[in-house]
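Okay, structure first, notes after.
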Amino acid sequence: MTEVKTKTREIPAAIILTPAAEQRIADLMAKAPEDVIGVKLSTPRRGCSGLAYSVDYVTEEVKFDEKIVTPGGVFYVDGPSVLYLVGSTMDWQEDDFTAGFVFNNPNSKGDCGCGESFTV
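Dropping the structure here:
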């Protein structure tokens, strides 16, 4: 009987974080309240186009959330939101007038005029 070797491969994360986004997560975690275990991205229904990006502190893990360990802390992606975010890149950008997370989402079919929400 021939032994069958199973090959395992690491599954890529649903979303790619740029070094700037990872640094921002580290900055947020450095000043987070004591009970915070990470930062979480979700896509609540909001705005003219339907979905918005929301980044918040979290205090407990949720079963189907994706967990991405970064050098500065744990980043979670809301389980139901993963479908809308697969293949996306999250960056942190700031200039003299604005600062915020910026998303390059290949699943987005359009954005609203005010930039608050997107459609898939």
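Position 29 of the sequence shown, counting from 1, maps to 29 under full-length UniProt numbering, and the rest follow consecutively. Don't be surprised by glycine CBs; every beta carbon is placed ideally from N, CA and C.
The Cβ-Cβ distance between GLY38 and PHE64 does not fall below 8 Å. One Cα belongs to VAL102, the other to LYS5, and the distance between them is close to 42 Å. Under the criterion of beta carbons closer than 8 Å, SER81 and PRO106 do not qualify as touching, at roughly 15 Å.
Judged by DSSP in its simplified three-state form, SER108 adopts coil rather than helix or strand. Distance between VAL58 and LYS7, taken at the CA atoms: about 34 Å. A Cβ-Cβ distance of about 16 Å is found for the pair GLU61 and ALA13, leaving them out of contact under the 8 Å criterion.
Membership of GLU66 in the beta strand (DSSP E) is indicated by the continuous run 66 to 70. Taking the Cβ atoms as the reference, MET90 lies roughly 7 Å from THR18, within the contact range of under 8 Å.
Looking at the DSSP output, GLY100 bridges to GLN93.
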